[in-house]
Amino acid sequence: MKFVAKVCGNEVGQGYIHKAVLAKQLPQSQLWIGPQHVGKTTLAYNLAFQLLCRQAPTITPCLRCEHCRMISRDIHPNVQVILPNQNGSIGIDQVRELLGSVPQSNWYKSGRLIIIEQADTLTPEAATALLKAIEEPRLDCFWLLLSDQPDKILATLRSRCSQLWWQRVTDATIVAHFPAAKPYVSLIAGLPGQVEQYTSTSGATTLATINQWIAFCLADTYYQRLTVAKKLLPKTFKRSDLINPIYQLTRIAHDLLLLHYQAPEHIHAQTAKSALIELQQKTTIAQTVLAIDILKKIRSYIQRPVQAKIVFDYVTISLYR
Ligand SMILES: [Zn+2]
-8 MKFVAKVCGN
2 EVGQGYIHKA
12 VLAKQLPQSQ
22 LWIGPQHVGK
32 TTLAYNLAFQ
42 LLCRQAPTIT
52 PCLRCEHCRM
62 ISRDIHPNVQ
72 VILPNQNGSI
82 GIDQVRELLG
92 SVPQSNWYKS
102 GRLIIIEQAD
112 TLTPEAATAL
122 LKAIEEPRLD
132 CFWLLLSDQP
142 DKILATLRSR
152 CSQLWWQRVT
162 DATIVAHFPA
172 AKPYVSLIAG
182 LPGQVEQYTS
192 TSGATTLATI
202 NQWIAFCLAD
212 TYYQRLTVAK
222 KLLPKTFKRS
232 DLINPIYQLT
242 RIAHDLLLLH
252 YQAPEHIHAQ
262 TAKSALIELQ
272 QKTTIAQTVL
282 AIDILKKIRS
292 YIQRPVQAKI
302 VFDYVTISLY
312 R
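For the sequence shown, the working numbering gives the first residue as -8, with consecutive numbering after it.
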C-alpha cells in the first residue's frame, strides 16, 4: 500500500486530517463514513505514513525511512488492520487478539494506528470489547473505524468516535485525476477506488457491464430480467451491494432521456451508445421519466435498513414494464 500524494476529491475532509496531524490534535477514535471504493482505506494508510514516518507529524512523508518502507509493504507492526472473517463479520476473537498484541517496545513509542475495515460487521460482543478498549485512552493509539453502513454499528461505539464523512467525487474531478477514466466515468460513479477496475480491464468488459444493465432494462419477461441480474449481482447480496447497480441504472436512464431529447453528445456512457439507442427505440420518454423516478425512490430506500432482496425485486418488476 503506497502513499498517495493527492487522493482524489474530498479536499475538505483531507484538509481537516492534515491540519489535525500537524497540530497533533487528531481525535484518538474516529469513524470514517462513506461508500465503498470512495477511498477510505487509501486515506487510512496515508494517515499511517503521516503519523509514523520518521519525519512525523508530516503530511508529506519521506517514503524512504524504515517506517515508510514497512507501511508500504504492509508489515509495520504498529499499523494493524482488522477485516471481516470468512463469515463476513468481525468476531470477538479477532478483537481479543488485537488487544492482546503489543508491538515490540522500540516500535511502540512511535505510535499505533488500528484500522477496522467494515466496522459495521463487528459482532455485538466484539463491538463492546472494542468500545472498552477505546474508552481507556492511550496517548499513542489511534483507532480508525471505516464503514459504509454506520447505522449498523453499536450506537455507544459510534457515539464514542468523532465522525468524518467521505462523499462521492464529481465526474469532473475523477477525469481530472485520471484522464484514462473518461469513457467509463458513468460506471465509476464518483468512486475513485473503481477507476483501476475499469481502466485496467479491457473496454470490452466494461462495455459488457453496461450492456448487461441495458439488457436488464430491455428484458421482455421478469424471468429474463432475473437471469441477467444473476450475472451482475453476488449470490447473496447486501443492501450496500445494491448502491452501485442502482446508481448505474440511474445513469443509464439519464443517458436514455438525453437520447430521447436528441442530445447524444451529452450522454455519459459513450462506449455503450449503440445499446442505448436500441433501448431508446423500445422505450418512451414517459417510461424513462418514470424509471428515473422509481430509481430515485429506491435510492432513498437503500439508505435505510431494508432487505436488499425485496428492494431488488421491486426494481425488477417496476422498471420499464
Ligand atoms: Zn518516512
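The C-beta atom is built at its ideal place from N, Cα and C for all residues, glycine as well.
To the nearest angstrom, how far is the alpha carbon of residue 68 from that of residue 113?
One-based indexing of the sequence shown puts residue 68 at position 77. One-based indexing of the sequence shown puts residue 113 at position 122. Using only the alpha carbons, I get a separation of about 23 angstroms.
Measure from the alpha carbon of residue 273 to the alpha carbon of each residue in 262, 107 and 205, then state which is nearest.
Against the sequence shown, residue 273 aligns to sequence position 282. That would be 205, whose Cα lies nearest to the Cα of residue 273.
Take the Cβ of residue 23 as the centre, count every other Cβ of all protein chains shown within 10 Å, and call the residue buried at 16 or more, exposed below.
Position 32 of the sequence shown, counting from 1, holds the residue named residue 23. So residue 23 counts as buried.
If you follow the alpha helix (DSSP H) that residue 303 is part of, which residue opens it and which one closes it?
As a first step, residue 303 must be located in the sequence shown, where it is residue number 312. 299 to 309 is the span of the alpha helix (DSSP H), which, as asked, contains residue 303.
Which word fits residue 1, buried or exposed, when buried means at least 16 other C-beta atoms lie within 10 angstroms of its C-beta?
Indexing the sequence shown from 1 puts residue 1 at position 10. Residue 1 comes out buried.
Starting from residue 59, follow the alpha helix (DSSP H) in both directions and report where the run begins and ends.
Along the sequence shown, one-based indexing puts residue 59 at 68. 57 to 63 is the extent of the alpha helix (DSSP H) around residue 59.
Helix, strand or coil: how does DSSP classify residue 153 here?
Residue mapping note: residue 153 aligns to position 162 of the sequence shown, counting from 1. Residue 153 falls in the strand class under three-state DSSP.
Let me check understanding here. Comparing Cα to Cα, which of 81, 17, 234 and 207 lies closest to residue 221?
Stepping through the sequence shown from its first residue, residue 221 is reached at position 230. Here the closest residue by C-alpha is 207.
Buried versus exposed, by CB contacts within 10 Å (16 or more), residue 279:
Counted from its first residue, the sequence shown places residue 279 at position 288. Its Cβ being crowded by 16 or more others within 10 Å, residue 279 is buried.
Measure from the alpha carbon of residue 49 to the alpha carbon of each residue in 6, 177 and 142, then state which is nearest.
Locating residue 49 in the sequence shown gives position 58, where the first residue counts as 1. With distances taken between Cα atoms, residue 49 lies closest to 6.
Once you ignore the five residues that flank residue 151 on each side, which residues in its own chain have a CB closer than 8 angstroms to its CB?
As a first step, residue 151 must be located in the sequence shown, where it is residue number 160. Here the set comprises 20, 122, 125 and 126.
My output table needs one value for residue 44: the three-state DSSP class, helix, strand or coil.
Here residue 44 is taken as the residue at index 53 of the sequence shown, counted from 1. DSSP places residue 44 in coil when its eight states are reduced to three.
Of the residues 294, 88 and 183, the one placed nearest residue 142, counting alpha carbons only
Here residue 142 refers to the residue found at position 151 when the sequence shown is read from its first residue. It is 294 whose Cα lies nearest to the Cα of residue 142.
Give me the Cα-Cα distance between residue 240 and residue 53, rounded to the nearest whole angstrom.
Here residue 240 is taken as the residue at index 249 of the sequence shown, counted from 1. Here residue 53 is taken as the residue at index 62 of the sequence shown, counted from 1. Each residue's Cα considered, the two are about 43 angstroms apart.
Going by DSSP in three states, residue 132 sits in which element: helix, strand or coil?
The residue labelled residue 132 in the question sits at position 141 within the sequence shown. Residue 132: strand per DSSP, three-state reduction.
Exposure of residue 213, with buried meaning 16 or more beta-carbon neighbours within 10 Å:
Position 222 of the sequence shown, counted from the start, is the residue given in the question as residue 213. Per the 10 Å Cβ criterion, exposed.
In chain order, what residues of the same chain have a beta carbon less than 7 angstroms from the beta carbon of residue 182, not counting five sequence neighbours either side?
The sequence position of residue 182 within the sequence shown is 191, counting from 1. Excluding positions up to five away in sequence, the list reads 26, 28, 29 and 159.
Minimum C-alpha distance to residue 242 - residue among 39, 282, 82 and 155
Numbered from its first residue, the sequence shown carries residue 242 at position 251. It is 282 whose Cα lies nearest to the Cα of residue 242.
Would you check if the distance between the CB atom of residue 209 and the CB atom of residue 104 is smaller than 8 angstroms?
Numbered from its first residue, the sequence shown carries residue 209 at position 218. Numbered from its first residue, the sequence shown carries residue 104 at position 113. Contact flag unset, no.
Using alpha carbons as the reference points, say which of 17, 60 and 306 lies closest to residue 237.
Position 246 of the sequence shown holds residue 237. Checked all of 17, 60 and 306; the closest Cα to residue 237 is 306.
Let's test the definition: count the other Cβ atoms within 10 Å of the Cβ of residue 177 and tell me whether it reaches 16, buried, or not, exposed.
Here residue 177 refers to the residue found at position 186 when the sequence shown is read from its first residue. It counts as buried.
Tell me where the alpha helix (DSSP H) around residue 290 begins and ends.
As a first step, residue 290 must be located in the sequence shown, where it is residue number 299. 276 to 292 is the extent of the alpha helix (DSSP H) around residue 290.
Heavy atom of ligand 1 within 7 angstroms of residue 58 beta-carbon:
As a working note, residue 58 is residue 67 in the sequence shown. Checking the Cβ of residue 58 against ligand 1 gives yes.
In the DSSP assignment, what are the bridge partners of residue 21?
For the purposes of this step, residue 21 is taken as residue 30 along the sequence shown, with counting starting at 1. In DSSP, residue 21 forms a bridge with 135 and 153.
Tell me, please, which residues DSSP counts as bridged to residue 216.
The residue given as residue 216 occupies position 225 in the sequence shown. DSSP lists no partner for residue 216.
Could you compute how far the alpha carbon of residue 145 sits from the alpha carbon of residue 115?
Within the sequence shown, numbered from 1, the residue matching residue 145 stands at position 154. Within the sequence shown, numbered from 1, the residue matching residue 115 stands at position 124. If you take the alpha carbons of residue 145 and residue 115, they lie about 7 angstroms apart.
Best match in 229, 265 and 277 for proximity to residue 252 [C-alpha to C-alpha]
Along the sequence shown, read from residue 1 onward, the residue named residue 252 stands at position 261. It is 277.
With DSSP run on the structure shown, which of helix, strand or coil describes residue 103?
Indexing the sequence shown from 1 puts residue 103 at position 112. Reduced to three states, the DSSP call for residue 103 is strand.
Based on Cα-Cα distance, which residue from 309, 78, 58 and 254 lies nearest to residue 70?
By 1-based counting over the sequence shown, the position of residue 70 is 79. Considering only alpha carbons, the answer is 58.
Quick check on this structure: which residue in 211, -6, 154 and 300 has the alpha carbon closest to the alpha carbon of residue 65?
By 1-based counting over the sequence shown, the position of residue 65 is 74. Residue 65 has its Cα closest to that of -6, out of 211, -6, 154 and 300.
Beta-carbon gap between residue 131 and residue 102 smaller than 8 angstroms:
Position 140 of the sequence shown, counted from the first residue, corresponds to residue 131. Position 111 of the sequence shown, counted from the first residue, corresponds to residue 102. Cβ atoms of residue 131 and residue 102: closer than 8 angstroms.
Is residue 262 near residue 170, with beta carbons less than 8 angstroms apart?
Numbered from 1 along the sequence shown, position 271 holds the residue referred to as residue 262. Numbered from 1 along the sequence shown, position 179 holds the residue referred to as residue 170. No; because the gap between Cβ atoms is not below 8 angstroms, this pair is not in contact.
Just to check, is the beta-carbon of residue 104 closer than 7 angstroms to a non-hydrogen atom of ligand 1?
The residue labelled residue 104 in the question sits at position 113 within the sequence shown. Every heavy atom of ligand 1 is 7 angstroms or more from the Cβ of residue 104, so no.
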